[in-house]
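Asker: Chains A and B, in that order, are what the protein sequence lines are. Residue numbers for the first sequence follow my numbering, beginning at 17 and rising by one. Residue numbers for the second sequence follow my numbering, beginning at 4 and rising by one. Using N, Cα and C, we set each Cβ at its ideal position, and we do this for glycine too. To start, I am sharing the structure in question, which I have written as structure tokens.
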Amino acid sequence: MLRVIGKRLLLLVPTLLGLSILLFAWVRALPGGPASALLGERATPEAIAQINEAYGFDRPLIEQYFTYIGRLLTGDFGNSVQTNRPVLDEFATRFPATVELAIVALVIAIAVGIPLGYLGAKYYGKALDHVSVVVSLLGVTIPVFFLAFILKWIFAVQLGWFPPDGRQDVRIDATHATGYYVLDGLLTGELDAAWDAIVHLVLPGLALASIPLAIIARITRASVLQVYGADYVRTARAKGLLPRIIRDRYILRNAMLPVVTTIGLQLGLLISGAVLTETVFNFAGIGQFLADAVFRRDFPVLQGFIIFIAILYSLINLIVDVSYSLIDPRVRVQ
Amino acid sequence: MTALPPSPATAGAAPGAPSSGADTGTSRWRDAWRRLRRNPQGIAGAVIVGLFVLVAVLAPLLAPYAGTALPGRAEITPTGIPGIGEVPGFPLGLDRFGGDVLSKLIWGAQASLIIGLVSTAFGLIGGMLLGAIAGTFRGWVDAAIMRVVDILLSVPNLLLAVSIAAVLGQTPSAVMIAIGASQVPIFARLLRSTMLAQSSSDYVLAARTLGLGKGAITINHVLPNSMGPVIVQGTLTLATAVIEAAALSFLGLGGGRPETAEWGRMLTYAQNELAIAPQLAFLPGICIAITALGFTLLGEALREALDPRSGAR
Chain A
17 MLRVIGKRLL
27 LLVPTLLGLS
37 ILLFAWVRAL
47 PGGPASALLG
57 ERATPEAIAQ
67 INEAYGFDRP
77 LIEQYFTYIG
87 RLLTGDFGNS
97 VQTNRPVLDE
107 FATRFPATVE
117 LAIVALVIAI
127 AVGIPLGYLG
137 AKYYGKALDH
147 VSVVVSLLGV
157 TIPVFFLAFI
167 LKWIFAVQLG
177 WFPPDGRQDV
187 RIDATHATGY
197 YVLDGLLTGE
207 LDAAWDAIVH
217 LVLPGLALAS
227 IPLAIIARIT
237 RASVLQVYGA
247 DYVRTARAKG
257 LLPRIIRDRY
267 ILRNAMLPVV
277 TTIGLQLGLL
287 ISGAVLTETV
297 FNFAGIGQFL
307 ADAVFRRDFP
317 VLQGFIIFIA
327 ILYSLINLIV
337 DVSYSLIDPR
347 VRVQ
Chain B
4 MTALPPSPAT
14 AGAAPGAPSS
24 GADTGTSRWR
34 DAWRRLRRNP
44 QGIAGAVIVG
54 LFVLVAVLAP
64 LLAPYAGTAL
74 PGRAEITPTG
84 IPGIGEVPGF
94 PLGLDRFGGD
104 VLSKLIWGAQ
114 ASLIIGLVST
124 AFGLIGGMLL
134 GAIAGTFRGW
144 VDAAIMRVVD
154 ILLSVPNLLL
164 AVSIAAVLGQ
174 TPSAVMIAIG
184 ASQVPIFARL
194 LRSTMLAQSS
204 SDYVLAARTL
214 GLGKGAITIN
224 HVLPNSMGPV
234 IVQGTLTLAT
244 AVIEAAALSF
254 LGLGGGRPET
264 AEWGRMLTYA
274 QNELAIAPQL
284 AFLPGICIAI
294 TALGFTLLGE
304 ALREALDPRS
314 GAR
């Protein structure tokens, strides 16, 4: 197992190397080069020359690439154009917010999606099945930021049950040791701060959960339907086993394999969804930071973000593959 | 980004691979057509898509005003935006700039249709070229193309589109190219895997035995039989493109003037007036969702029609 994991980690190297070449070529392939991409409409010949000089864009391409990759390897993603601070530091301060949000969204998506898909399959063709099909269709067709608008308008503007934006009420003066606000509140015993952070997570969490929830429900339904008619399930029924045992040990356990893969694959959706959700709810995570970076043509941040996401994505896929063999002993990781 | 992932059956194996001797190309498509007509979800999808296309094409006749016209400018006050049915002549009310919401929704359909078609065509053609080259020549060509495709697939689709659009600059055509380009790896991988599955079938062997060349076999035999999943993915991509175009607009990447009649743009500007004029956000949002729903339903129904085994039952 360890050897397999090691091999997979090694395979990450060529992927990341390729990605770095693509990213490097991507900005430089533009008409006008990276300087005019950075400057946008403010590109005058003098400004371009100045930027080229300052960032070394006038050096030979090979030299530029090796400087670039050398910096990447030491964790230097450059400085953000917006804040002039190192990209990695900016990520580090904002990452906990997005992780909190993504965890809440994933928990909602799993807690609602799996039962919904299961019930849809169990009551195939009945009302509950239709609910499950409609939810899984709407979840993928309603734009995330539109759903965020609706939730904000109903539950924050109209009903006032939840705060409309932010991570924490400004009146709460809490200490943030880890950056994970809920955890911070629990660690320092400031329970009202922890509760306030949770309340702020509900609406963005729901909005972000919509797409993964829909996909998880859909895959669970399809997978359970397939297992439902299997011979071993019929045998288990014929033996007179308790329905609960049939469900837990025979149906769910066998139906969960594709669901686990799907859950792993949701990471990409959660990250791109976070860019939109965090912007609507003014939630200071890496998603909102990326949205600002896009708007302000902050390319060091954009590049760093993409590499960061690619690493995260590949690692999660590895974890998913490894967790297969835990769920299903028949599967051996190769 | 948001289209459903292709089910394992369609992504891996070829749909409706010729099974019996009597199964000719035409009867396969006729079978699919018959299954499609019997599928209520498919009919619902086709009706929505049909209406959407009709509105988009007939926009010049249907819309009371031009997309960028501001006929109700005089009715707008700093604190009040007339809502649905509040001012005669503007049935769905006005927006912040004084534009007629109904007209803008209608012109927005046209904008969405153009964005959807152009970007999907871009992704489809680019992906098919790469996929067909990889699937035909194999060897190092295949390996090289697929490595790049894999690398691109390691970046979430919407982020890829956002990054490309960010570099291309803030113009409407940049958005279309970005959305299309972000779909290229998906189409390439799909077509290649379908072609590989096809190339081991008996009819390819037969063609090879007859002495046909690689190119002729690919173009005349393998490609036509590999089109099913690509058509399905193309329909689903239209849904994705409509949603992603709105998302890119929302992130400020659409370019053009603020009052442009485009659903994503309307939604973006509506967020400032959510408390006083929520309909400005709801109407374009619902249009986007219904259009995406139509293409998704149609795409799913097409998938089941072309490959009955992929259905979830």
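#1: Go through its chain and collect everything with a Cβ distance to residue 296/B's Cβ below 8 Å, but skip five positions before and after it.
#2: What residue does the alpha helix (DSSP H) around residue 150/B start on, and which one ends it?
#3: Counting only the same chain and skipping the five closest in sequence on each side, list residues whose C-beta sits under 6 Å from that of residue 201/B.
#4: Could you check whether residue 247/B and residue 42/B sit closer than 8 Å to each other, using their CB atoms as the reference points?
#5: If the cut-off is 8 Å on Cβ atoms, which residues from the stretch 234-261 of chain B count as contacting chain A, listed in chain order?
#6: Just list the alpha helix (DSSP H) runs in the stretch 245-275 of chain B, keeping only unbroken ones of 4 residues or longer that don't cross its boundaries, in chain order.
#7: If I follow the unbroken alpha helix (DSSP H) through residue 307/A, where does it start and stop?
#8: Check whether the Cβ of residue 159/B lies closer than 8 Å to any Cβ atom in chain A.
#9: Taking just the CA atoms, how far does residue 156/A sit from residue 289/B?
#10: Ordered along the chain, which non-local residues of its own chain (more than five positions away) have a Cβ less than 8 Å from that of residue 184/B?
#11: If contact is defined by three or more beta carbon pairs under 8 Å, each pair taking one atom from either stretch, is the stretch 310-325 of chain A in contact with the stretch 245-255 of chain A?
#12: Note down the Cα distance separating residue 160/B from residue 91/B, rounded to an integer number of angstroms.
#13: Is it right to say residue 191/A is buried, meaning 16 or more other beta carbons lie within 10 angstroms of its own, or is it exposed?
#14: For residue 166/B, which residues in chain A fall below 7 Å Cβ to Cβ?
#15: Please compile the residues from chain B whose C-beta is within a distance smaller than 7 Å of the C-beta of residue 158/A.
#16: Between the alpha carbons of residue 24/B and residue 277/A, how many angstroms are there, rounded?
#17: Anything in the stretch 260-284 of chain B with a Cβ closer than 9 Å to a Cβ of chain A? List those residues in chain order, please.
#18: In terms of DSSP beta bridges, what is residue 103/B paired with?
#19: Can you name the residues of chain B whose CB is closer than 7 Å to the CB of residue 339/A?
#20: Give a yes or no on whether the minimum CB-CB distance between residue 50/B and chain A is below 8 Å.
#21: May I ask which residues mark the beginning and end of the alpha helix (DSSP H) holding residue 155/A?
#22: Measuring only between beta-carbons, confirm whether residue 362/A sits less than 8 Å from chain B.
#23: Output needed for residue 91/A: all residues of its chain with C-beta closer than 8 Å, excluding positions within five of it in sequence on either side, in chain order.
#24: Compare the C-beta of residue 292/A against all C-beta atoms of chain B and say whether one is closer than 8 Å.
#25: In angstroms, rounded to a whole number, what distance separates the CA positions of residue 332/A and residue 215/B?
#26: Would you please state the rounded distance, in angstroms, between the beta carbons of residue 161/A and residue 302/A? I believe it to be under 8 Å.
#27: Between residue 288/B and chain A, is any beta-carbon pair separated by less than 8 Å?
#28: My output table needs one value for residue 90/B: the three-state DSSP class, helix, strand or coil.
#29: CB-CB under 8 Å to residue 267/B, same chain, minus the five flanking residues each way: which ones, in chain order?
#30: Hey, is residue 98/B's beta-carbon within less than 8 Å of any beta-carbon in chain A?
#31: Could you give the distance in angstroms between the alpha-carbon of residue 140/B and the alpha-carbon of residue 239/B?
#32: Using a C-beta to C-beta distance shorter than 9 Å, which residues of chain B count as neighbours of residue 84/A?
#33: For residue 87/B versus residue 101/B, is the C-beta spacing smaller than 8 Å?
#34: Which of helix, strand or coil does DSSP assign to residue 26/B?
#35: When you compare the CB positions of residue 211/B and residue 71/B, do they come within less than 8 Å of one another, or not?
#36: For a contact meaning CB atoms closer than 9 Å, what does residue 187/B contact in chain A?
Answerer: In short:
#1: Position 293 of the second sequence holds residue 296/B. The answer, listed in chain order, is 48, 51, 242.
#2: As a position in the second sequence, residue 150/B is number 147, starting the count at 1. Start and end: 142-156.
#3: Here residue 201/B corresponds to residue number 198 of the second sequence, with the count starting at 1. Correct list, in chain order: 17, 225, 228, 229.
#4: Taking the second sequence and counting its residues from 1, the one referred to as residue 42/B is at position 39. Taking the second sequence and counting its residues from 1, the one referred to as residue 247/B is at position 244. For residue 42/B and residue 247/B, no; Cβs fall outside 8 Å.
#5: 242, 246, 249, 250, 253, 254, 255, 256
#6: 266-273
#7: On the first sequence, residue 307/A is found 291 positions in, with the first residue counted as 1. Start and end: 302-311.
#8: Translated into positions along the second sequence, residue 159/B becomes position 156. Output row for residue 159/B: interface = yes.
#9: Looking up residue 289/B in the second sequence gives position 286. Looking up residue 156/A in the first sequence gives position 140. So the alpha carbons of these two residues sit roughly 13 Å apart.
#10: Position 181 of the second sequence holds residue 184/B. For residue 184/B, where only same-chain residues beyond five positions count, the Cβ hits under 8 Å are 125, 126, 129, 163, 164, 167.
#11: no
#12: Locating residue 160/B in the second sequence gives position 157, where the first residue counts as 1. Locating residue 91/B in the second sequence gives position 88, where the first residue counts as 1. Approximately 44 Å, taken between the alpha carbons.
#13: Reading the first sequence from its first residue, position 175 is the one you call residue 191/A. Looking at its Cβ environment, which holds fewer than 16 other Cβ atoms inside 10 Å, residue 191/A is exposed.
#14: Position 163 of the second sequence, counting from 1, holds the residue named residue 166/B. Under the 7 Å cutoff, chain A gives 318, 322.
#15: The count along the first sequence starts at 1 and reaches residue 158/A at position 142. Going along chain B in sequence order, the residues near residue 158/A (Cβ under 7 Å) are 292.
#16: Taking the first residue of the second sequence as 1, we reach residue 24/B at position 21. Taking the first residue of the first sequence as 1, we reach residue 277/A at position 261. Unreliable placement is indicated for residue 24/B, whose pLDDT of 42 sits below 50; the coordinate value is still reported in the next sentence. Cα-Cα distance, rounded: 38 Å.
#17: 267, 270, 271, 273, 274, 277, 278, 281, 284
#18: The residue given as residue 103/B occupies position 100 in the second sequence. According to DSSP, residue 103/B bridges with 97/B.
#19: The count along the first sequence starts at 1 and reaches residue 339/A at position 323. Here the premise fails: no neighbours, minimum Cβ distance about 18 Å.
#20: Counting from one through the second sequence, the residue named residue 50/B turns up at place 47. It does not: the Cβ of residue 50/B has no partner Cβ on chain A nearer than 8 Å.
#21: As a working mapping, residue 155/A is identified with position 139 in the first sequence. 143-157 is the span of the alpha helix (DSSP H), which, as asked, contains residue 155/A.
#22: Residue 362/A lies beyond the range of chain A shown here (17 to 350); nothing can be said about it.
#23: For the purposes of this step, residue 91/A is identified with residue 75 of the first sequence, where counting begins at 1. The residues are 104.
#24: Within the first sequence, the letter at position 276 stands for residue 292/A. Taking Cβ atoms only, chain B reaches closer than 8 Å to residue 292/A, which makes this a yes.
#25: Indexing the first sequence from 1 puts residue 332/A at position 316. Indexing the second sequence from 1 puts residue 215/B at position 212. Using only the alpha carbons, I get a separation of about 46 Å.
#26: The count along the first sequence starts at 1 and reaches residue 161/A at position 145. The count along the first sequence starts at 1 and reaches residue 302/A at position 286. About 17 Å; that fails the 8 Å criterion.
#27: Here residue 288/B refers to the residue found at position 285 of the second sequence. True, the Cβ-Cβ gap to chain A drops below 8 Å.
#28: Walking along the second sequence from the start, residue 90/B turns up at place 87. It is a strand residue.
#29: Taking the second sequence and counting its residues from 1, one reaches residue 267/B at position 264. Here the set comprises 248, 249, 250, 251, 252, 253, 257, 287, 291.
#30: Reading the second sequence from its first residue, position 95 is the one you call residue 98/B. It does not: the Cβ of residue 98/B has no partner Cβ on chain A nearer than 8 Å.
#31: Locating residue 140/B in the second sequence gives position 137, where the first residue counts as 1. Locating residue 239/B in the second sequence gives position 236, where the first residue counts as 1. Roughly 28 Å separates the two Cα atoms.
#32: One-based indexing of the first sequence puts residue 84/A at position 68. Correct list: empty, because the minimum Cβ distance to chain B is about 16 Å.
#33: Taking the second sequence and counting its residues from 1, the one referred to as residue 87/B is at position 84. Taking the second sequence and counting its residues from 1, the one referred to as residue 101/B is at position 98. The answer is no: Cβ separation not under 8 Å.
#34: Reading the second sequence from its first residue, position 23 is the one you call residue 26/B. Confidence in residue 26/B is poor, its pLDDT being 49 and thus under 50, which makes the residue's placement unreliable; the coordinate value appears in the next sentence. Note: residue 26/B maps to coil in three-state DSSP.
#35: Here residue 211/B corresponds to residue number 208 of the second sequence, with the count starting at 1. Here residue 71/B corresponds to residue number 68 of the second sequence, with the count starting at 1. Result no, Cβ atoms of residue 211/B and residue 71/B do not sit closer than 8 Å.
#36: Locating residue 187/B in the second sequence gives position 184, where the first residue counts as 1. Under the 9 Å cutoff, chain A gives no residues; its nearest Cβ is about 13 Å from residue 187/B.
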